[in-house]
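Numbering (the working numbering), first residue to last: 9 to 288. The beta carbon of each residue, even a glycine, is placed where N, CA and C say it ideally should be. Keep in mind the model is a prediction, meaning the values are calculated, not measured. Below is one structure, written out as structure tokens; the observations come after it.
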């Protein structure tokens, strides 16, 4: 049986639980997005994040900074915003003149709902954080929803970027899950051999349709968290023809994306509970 993951459905199930909480509390929930510069694709993504938050009664504020903002001014603003915010993120990418990690590390770990700060990631790896990196959390949500068991499976992770690959390796390692990592430096013959033998493929390379049907085995689980724009369309790393061989697969768009936003807001709600000492 071939299952095409309905990311919108899973996101709506998460949303219903979040809404039940937000309707039960009287203390406003504040989520702040730091956005530097302007890009039409990012503009739309932020609109979607803001709309989701507002639909569950979260006060979402976007702080829009000029592309030429100095690092000193941006850090100063982040420190001020953090004083009263329940949760915060820095929208990526940042202009090249800004030190990305310094900016991300300026968000207090207890408000860092993207889990991109150095301290936040250490806490996540050590089971000391109540947050889940949003993309990794969406992958786990899919596994839970469809009862996908990883024990004894050959797992291949493609890409080691900051949003998909790296946080997923942290999750694998903290849970004792064995896996093979494929990066752009992996020998192409080794890469192809690993993919053809994989029971589970998780990819976040951002290379349109780099994994084709002949590169995956029959009955594999294909999790595509890699998105990029090609031919004016959002495309994933896995060619849709490969889905015909899969036991379960995530389409792009409509798979990982909607769940990732929902998991982000799970973190926002968790941050609110911590900040206001609400029983969990």
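For residue j and residue i, the rounded distance between their alpha carbons
| i | j | result |
| --- | --- | --- |
| residue 185 | residue 145 | 15 Å |
| residue 28 | residue 58 | 19 Å |
| residue 104 | residue 78 | 11 Å |
| residue 64 | residue 23 | 7 Å |
| residue 248 | residue 285 | 46 Å |
| residue 44 | residue 102 | 6 Å |
Nearest residue (CA-CA) to residue i, options the options
| i | options | result |
| --- | --- | --- |
| residue 277 | 11, 40, 81, 250 | 40 |
| residue 72 | 12, 284, 91, 100 | 100 |
| residue 86 | 151, 54, 120 | 120 |
| residue 15 | 84, 66, 268, 201 | 268 |
| residue 168 | 161, 176, 195 | 176 |
| residue 270 | 150, 32, 52, 137 | 150 |
| residue 180 | 246, 134, 153, 205 | 134 |
| residue 207 | 194, 231, 161 | 161 |
| residue 154 | 258, 282, 79 | 258 |
| residue 68 | 286, 272, 287 | 272 |
| residue 261 | 74, 81, 237 | 237 |
| residue 164 | 263, 219, 125, 122 | 219 |
| residue 13 | 212, 283, 232, 287 | 232 |
| residue 173 | 282, 234, 243 | 234 |
| residue 60 | 19, 139, 11 | 19 |
| residue 192 | 178, 182, 263, 211 | 211 |
| residue 70 | 51, 42, 122 | 42 |
Nearest-angstrom Cβ-Cβ length linking residue i and residue j, presumed shorter than 8 Å
| i | j | result |
| --- | --- | --- |
| residue 205 | residue 225 | 7 Å |
| residue 202 | residue 188 | 5 Å |
| residue 198 | residue 227 | At roughly 22 Å, the Cβ-Cβ gap does not stay under 8 Å, so residue 198 and residue 227 are not in contact. |
Counted within 10 angstroms of its Cβ, other Cβ atoms place residue i as buried (16 or more) or exposed
| i | result |
| --- | --- |
| residue 130 | exposed |
| residue 280 | buried |
| residue 81 | exposed |
| residue 152 | exposed |
| residue 216 | buried |
| residue 195 | exposed |
| residue 91 | exposed |
In chain order, each beta strand (DSSP E) run of at least 3 residues that lies wholly inside the stretch 48 to 74: 67 to 73
Secondary structure, alpha helix (DSSP H): runs of 4+ residues fully inside the stretch 112 to 151: 126 to 133
Minimum length 4: unbroken alpha helix (DSSP H) runs contained in the stretch 184 to 222: 196 to 204
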